[in-house]
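K.L.:
Mind having a look at this structure? Questions to follow.
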Amino acid sequence: MSPATFSATSPQTRLLSEPEVARHCTKDSCWVLRGTRVYDVTAFLRLHPGGDALLLRRSGTDVSTEMRGPPHKHSKNAMRWMEQYYIGELDRGNSCASNAQVRVIDYRIV
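Going by UniProt numbering, the sequence shown wraps up at 110, each residue one higher than the last.
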């Protein structure tokens, strides 16, 4: 895992880029998003009532729509339960800047 970036406004909040979240897509490290909130659900994989495959297929992505349903709307209790796996916030500002910078570098090389 790469070093954490911390927000200047809240030293408690870990900021994670989209590419970093997307890299965690295995049984050994499974992260999902709910909006801009990032969750490490690795320890929950074996406990998920729908099976680990459902979470693994959605790893690195926003699961908000799936949690609201259909086909299955998650309970308020499930939403609260998920909070124990919260690890930080998605830093969309930095990832966009990083992606733009990479595109410029690629453009100049080509």
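C-beta: ideal position from N, C-alpha, C; glycine also. Note that the coordinates shown come from a computational prediction; the quantities given were computed from them, not determined experimentally.
Identify the continuous beta strand (DSSP E) that holds ASP52 and give its terminal residues.
P.N.:
ASP52 -> not in any beta strand (DSSP E); alpha helix (DSSP H) instead, spanning 52 to 57.
K.L.:
Does the Cβ of PRO49 have 16 or more other Cβ atoms within 10 Å, making it buried, or fewer, making it exposed?
P.N.:
exposed
K.L.:
Note the first and the last residue of the continuous alpha helix (DSSP H) segment covering VAL21.
P.N.:
18 to 22
K.L.:
Take PRO19 as the anchor and find which of THR13, VAL38 and ARG68 has the nearest alpha-carbon.
P.N.:
VAL38
K.L.:
Determine whether the beta carbon atoms of THR42 and CYS30 lie at a separation below 8 Å.
P.N.:
yes
K.L.:
Suppose the cutoff is 7 Å on Cβ atoms and the five residues either side in sequence are ignored; what does the same chain contact list for LEU54 look like?
P.N.:
The residues HIS48, in chain order, have a CB closer than 7 Å to that of LEU54 in the same chain once the five nearest residues on each side in sequence are set aside.
K.L.:
Take the Cβ of GLY93 as the centre, count every other Cβ of all protein chains shown within 10 Å, and call the residue buried at 16 or more, exposed below.
P.N.:
exposed
K.L.:
How about VAL32 and THR65: are their beta carbons less than 8 Å apart?
P.N.:
no
K.L.:
Could you tell me the boundaries of the beta strand (DSSP E) in which GLU89 lies?
P.N.:
Where GLU89 is concerned, the enclosing beta strand (DSSP E) stretches over 86 to 90.
K.L.:
Does DSSP put THR26 in a helix, in a strand, or in coil?
P.N.:
strand
K.L.:
Measuring CA to CA, which of ALA78, SER75, ILE87 and LYS27 is closest to ASP52?
P.N.:
Each of ALA78, SER75, ILE87 and LYS27 was checked against the Cα of ASP52, and the nearest Cα belongs to LYS27.
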